[in-house]
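Undergrad: First residue of the sequence shown: 9, per the numbering used here; consecutive thereafter. Positions of the beta carbon are idealized from the N, C-alpha and C atoms, including for glycine. Being a predicted model, the structure only gives us computed values, none of them experimental. Before we start, here is the structure in question, set down as structure tokens.
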Amino acid sequence: METPGTPGASYSSAPGVPPVSPSGRGTISLPNGDVFVGEIVDGKPHGNGIYTWTDGSRYSGQWDHGVKHGQGFYHSATGDTYDGEYTDGHKHGFGTATWTDGSLHEGMWANGREHG
Numbered sequence: 009m010e011t012p013g014t015p016g017a018s019y020s021s022a023p024g025v026p027p028v029s030p031s032g033r034g035t036i037s038l039p040n041g042d043v044f045v046g047e048i049v050d051g052k053p054h055g056n057g058i059y060t061w062t063d064g065s066r067y068s069g070q071w072d073h074g075v076k077h078g079q080g081f082y083h084s085a086t087g088d089t090y091d092g093e094y095t096d097g098h099k100h101g102f103g104t105a106t107w108t109d110g111s112l113h114e115g116m117w118a119n120g121r122e123h124g
């Protein structure tokens, strides 16, 4: 993932809302085509928001200084999903992953891997 707050990113806000520069609620459009809509601090997602990758993958949830952190839902371009907790950008804590082949893991995760 390209990091918001990097050169080339553009910031905008909803009509009638003061421009994001680069803190507040608004949109970050990255040079690679990725888009973030939500709360922004120092040019990075922070708080709640939705990040959409150019391949169609999407994460909706909590952010901490540009990193998935807290409760969130991820839907990959291939159809796999994860609904649960994140820490420092990794699945960590309780969550449910469902893969397109029908398999499922509901339980604990640690550093992005199934853990119990």
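Could you tell me the alpha carbon to alpha carbon distance between threonine 104 and threonine 95, rounded to whole angstroms?
TA: 15 Å
Undergrad: Could you give the residue range of the beta strand (DSSP E) that holds histidine 73?
TA: Careful: histidine 73 lies outside any beta strand (DSSP E) and carries neither H nor E.
Undergrad: Exposed or buried, histidine 73, counting other C-beta atoms within 10 Å across all chains shown (16 or more means buried)?
TA: exposed
Undergrad: Taking its Cβ as the centre, do 16 or more other Cβ atoms sit within 10 Å of glutamate 122, making it buried, or is it exposed?
TA: exposed
Undergrad: Look at glutamate 93 and phenylalanine 81 and say whether their C-beta atoms are less than 7 Å apart.
TA: no
Undergrad: So threonine 106 is in the beta strand (DSSP E); what residue range does that whole segment cover?
TA: 98-106
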